[in-house]
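Residue numbers (the working numbering), protein chains in the order written: chain R, 1 to 305; chain U, 1001 to 1305; chain W, 2001 to 2305; chain Z, 3001 to 3305.
Glycine residues also receive a C-beta, built at the ideal position from the N, C-alpha and C atoms.
Owing to the predicted nature of the structure, the values given are computational and were not obtained by experimental measurement.
For reference, the structure discussed in these notes is given below.
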């Protein structure tokens, strides 16, 4: 499998390292606006692969992406401070995507696109928009709440004493403050989680705060999102048909349409194979609509291109 | 981890091979009434391990089991024909366990016991009885319906197009004709399985028949049950706290007590860490009680020892 | 990758189990003269795969092998007793191959063939002969002394206290009594093994005797040869370009030609990529020629077809 | 296994990520002079582990290292520019080790120490010196030329068309300009490498330059050294007894004593189990002595403490 990584900042280069350590591609191309760093990382990663199974890693321009099975986009303008100005990030990254996506799509019209750039729900939507109909929604996947979900499952696993793989619990909606745990569909080893247990709701709050905690301490997050992206890539590479909460274009999902939000989806070689409609309580549906409004208005606030 | 395998017939030796190929133990002891075959298999398995990571495998008597972390029992008198005479097998194997278990327990009072011998629900119960209180129920685990569940999940996975790991569906009750799919608690990727879908019920029937199909064709089954036993061993070895349907002594489980049947349980280093009480429909509870009566009467029909 | 297993006796079915446990194929076809056993094993193995990653396993006739990437041949008449009559086995298996190989080759002219049937050096040669020029030598590989080598490395590894992967030492020549350790080319972690150390020569003798020890105890060997065959299959599947001692048609290898014997060879997707000419002492070259004469005369003693 | 990572810069944090992705420890403690970054990375890494198998990762002071099985030291003052001033780095890092090592050793007197800080041969020597006899040489391992060797093997593997695991070829001596390929002991699949082949010597030059190439492009190297350190850690964790070229205190190694240089050594649970004395040509022995003089004079040039 050929994978192209567009954007080689802290997140992108951690993804590259995960791809090499887990041997998730036969060939990895790194595209960055700073060619030197991409060249350096490509060589460093190729050497790293020599310790286990040597792999081809090289730097290149967008045209080097030709023939990629998967394109991972982490490209972003520097995150603005204070974080309040998230909309500003959306606007700058929208400009970046408006330029980048058409180029990538003309080179790789058949690839699956994994969008990691933030705000991820907005950017997933824009990747689709700027592909001008070339990419179907099933081939544009936002990393979304996968990492929030992983954090939540770990907290739940500790609480109930059961392996994370046996915990079914999704954080759904926006990869942001309006996300929510879908407790109606949550179970541990087939046993329903008691949604009235205050600890279980509390752990949802804690999961949401974990990313902020990392951000506050080190100024960015990269390892967890890199591991999450590697999981998605692995599911595509092996056509696993595994279920992940990812950001995808919704069409009448509990009444939500024309916005990208995270819901459980089956991932395989050709991208999203199915979007799963899980049971949600009335309150959870309200939260989903709330997320939808927030992301939608962020999109609408962008200047037209 | 030290593992002792008691009984080296077709099932036992396939388990030995799985342990070696998956490197599930540091030391494997094979105990069989025919020492030659055990000696031959031990050497053959040790050579097999040389292709990857050499492992200590040796044959020995019951006393060689001393210090084992896990004891796997596949010992059995030859299965009688026609299969109608299952009760006869229970009686013969009961005599075998009456002799074997006290010896094993005196040598390995702290081990986790995996019971594979059939009829497995009866034999799991007898292993506990003949341990005369030395083994707590949490340390006596019958392979039960794990393999039936694996077959069922594979059929469901194909039907719904989702990875088996994302299918939550248990075959519960007796490892035999009275087993039943617990559809009330079944889901795929968090989405409930539609229990009114006739195909889904049909696949439950098919899963039950699969073992018979193998038995009819080759006269016994060994590979699937060996792989299932290896999964349990792996969960113990890594203290995974994973959930498997296994045969365990029930105490007021939806009203069933003092009999071993398969229900979902959390498995870790010390055996069964939790028994999970999954939601069952009224009809499913009836089927569980039906299974309980069948296994109970098989136990009661055994001559006293 | 599609693999066909021809011959489903004790060795063949152990190979099937290893393929499933190590997920070495996407599709496995089992061909045997007793269709029932093949059908039973195929279903049993498919169920075993359900515990990890479900795999297609089915029974079929030779025509079901069409499109296979690798064909593994373990087919054999029952081994005669006493073992002295090895030539008799060669004669019977020669008849079997004379019938089998042309059929297989017409269905799978592009596959790599792994020959496991004994006497393996003779049968590898006959597989080539009966393919009537369709199969090049690079695509007919006999399991040869791989398992003897694995045993030898394990003994050496224990003796010198170094991981088997760091031991370079081959048992070369006939997979039989005339095999010999190629000590001139032997090293441990890059440090030469002292060929004058009597223990090191002794361990060569012991390695040769290990197979007999298993045979004497259980009447056959299957697990180690199955693990060895799985290693070769894995190297083909991943195009590993790894080096194994395997039986291959020699052409002026230290003066030996037109006979199959085990020498180190590089294995990848298309079979044998290179035969490695390792340094041998004069005495070792004599032993190689001795092996060649033994195998050659076994071939010459066969009736013409 | 408990591992403590001292120094959480670019190299340290990449090692942390490798440890999590490869699950090389049960517990990881990160010690850094900037507690915030360590706290942030610890949380980020813990979340990353949630995607596969959750792991305990936490930040702490030196005292949190208590009970560690392995201590990995990447702590360093910022690398000076231009790189000509390597001695200056040695002097600064010597002061750092003079303070750090006694504290670590008092907390973890029984641990194996992996030294990654540069100049690694000098720092390995100083770690031993500042442990004041508490640490035996077998428990102080410098990452040395492991990464140079991996690069060299990859180049050789491509050239000869054989898997890197089958290439025996070490870069020995200083992890620096005076390193050299030990071609006398080099082989591929047991076949000697032709040391008169100019390409093979050239590839040794190229391997040495690869690190510089990465440094020139991105200003530092981290992924390859992190992967190399993870390999060593894995060999310790599994008591692999595998052979790696690592920096260790030499005592009459081809006449070299009382300096740390890279030579092949067997690594297991308790550190270095054996130092392997490989055959070297006269010219190679001269190069080893040259490396020894360079490292020795760097040590001697340090101010006394």
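Test item: CB-CB of residue i and residue j under 9 Å
i                       : j                       : result
residue 1144 of chain U : residue 1247 of chain U : yes
residue 3006 of chain Z : residue 3074 of chain Z : yes
residue 3275 of chain Z : residue 3266 of chain Z : yes
residue 22 of chain R   : residue 242 of chain R  : no
residue 1245 of chain U : residue 1170 of chain U : yes
residue 1076 of chain U : residue 1029 of chain U : no
residue 3164 of chain Z : residue 65 of chain R   : no
residue 3189 of chain Z : residue 218 of chain R  : no
residue 302 of chain R  : residue 137 of chain R  : no
residue 1181 of chain U : residue 1200 of chain U : yes
residue 3100 of chain Z : residue 3130 of chain Z : yes
Continuous alpha helix (DSSP H) stretch holding residue i: start and end
i                       : result
residue 266 of chain R  : Element bounds for residue 266 of chain R: not the alpha helix (DSSP H) but the beta strand (DSSP E), 260-268.
residue 1059 of chain U : No alpha helix (DSSP H) holds residue 1059 of chain U; the beta strand (DSSP E) holding it covers 1056-1059.
residue 35 of chain R   : 35-50
residue 1128 of chain U : 1120-1130
residue 3004 of chain Z : Per DSSP, residue 3004 of chain Z belongs to no alpha helix (DSSP H); it is in the beta strand (DSSP E), 3002-3006.
residue 272 of chain R  : First-last for residue 272 of chain R: 271-275, but that is the beta strand (DSSP E), not the alpha helix (DSSP H).
residue 3015 of chain Z : 3010-3021
Best match in the options for proximity to residue i [C-alpha to C-alpha]
i                       : options                        : result
residue 2256 of chain W : W/2290, W/2062, W/2041, W/2054 : W/2290
residue 3118 of chain Z : Z/3236, Z/3038, Z/3261, Z/3160 : Z/3261
residue 3105 of chain Z : Z/3264, Z/3077, Z/3070         : Z/3070
residue 160 of chain R  : R/79, R/208, R/192, R/253      : R/192
residue 3306 of chain Z : Z/3164, Z/3065, Z/3066, Z/3017 : Because residue 3306 of chain Z is not part of the residues shown, which for chain Z are 3001 to 3305, the question remains open.
residue 2178 of chain W : W/2030, W/2048, W/2288         : W/2288
residue 284 of chain R  : R/213, R/231, R/183            : R/183
residue 25 of chain R   : R/34, R/293, R/45, R/218       : R/45
residue 2001 of chain W : W/2199, W/2239, W/2036, W/2089 : W/2239
residue 1113 of chain U : U/1100, U/1217, U/1142         : U/1142
residue 214 of chain R  : Z/3048, Z/3174, Z/3031         : Z/3048
residue 109 of chain R  : R/124, R/90, R/140, R/89       : R/140
residue 2176 of chain W : W/2162, W/2212, W/2063         : W/2212
residue 282 of chain R  : R/185, R/121, R/167            : R/185
Residue i at chain U interface by Cβ criterion, 9 Å
i                       : result
residue 2199 of chain W : no
residue 53 of chain R   : no
residue 276 of chain R  : yes
residue 2255 of chain W : no
Boundaries (first-last residue) of the beta strand (DSSP E) holding residue i
i                       : result
residue 142 of chain R  : 140-142
residue 3248 of chain Z : 3242-3249
residue 1027 of chain U : 1027-1031
residue 2114 of chain W : 2112-2115
Contact with chain Z by residue i, beta-carbon distance below 9 Å
i                       : result
residue 2293 of chain W : no
residue 103 of chain R  : no
Any C-beta of chain W under 9 Å from that of residue i
i                       : result
residue 1203 of chain U : no
residue 1179 of chain U : no
residue 1211 of chain U : yes
Neighbour flag for residue i against chain R, beta carbons, 9 Å
i                       : result
residue 3168 of chain Z : no
residue 3072 of chain Z : no
residue 1269 of chain U : no
Neighbouring residues, chain A, relative to residue i (Cβ below 8 Å)
i                       : result
residue 2153 of chain W : The structure shown has no chain A; the protein chains it does contain are R, U, W and Z.
Please confirm if the region 3267-3285 of chain Z is in contact with the region 3059-3066 of chain Z, defined as three or more CB-CB distances below 8 Å between the two stretches.
-> no
Stretch-stretch touch, CB-based, cutoff 8 Å, three pairs: the region 1047-1055 of chain U with the region 1085-1100 of chain U | no
For the region 225-233 of chain R and the region 8-21 of chain R, state whether three or more C-beta atom pairs, one from each stretch, are separated by less than 8 Å.
-> Using a Cβ-Cβ distance cut-off of 8 Å, the region 225-233 of chain R and the region 8-21 of chain R are in contact, since at least three pairs of beta carbons, one from each stretch, lie closer than that value.
Three or more C-beta pairs closer than 8 Å, one from the region 145-162 of chain R and one from the region 1151-1166 of chain U: is that the case here?
-> no
Flag this pair as touching only if the region 297-305 of chain R and the region 201-214 of chain R have three or more C-beta atom pairs under 8 Å; answer yes or no.
-> no
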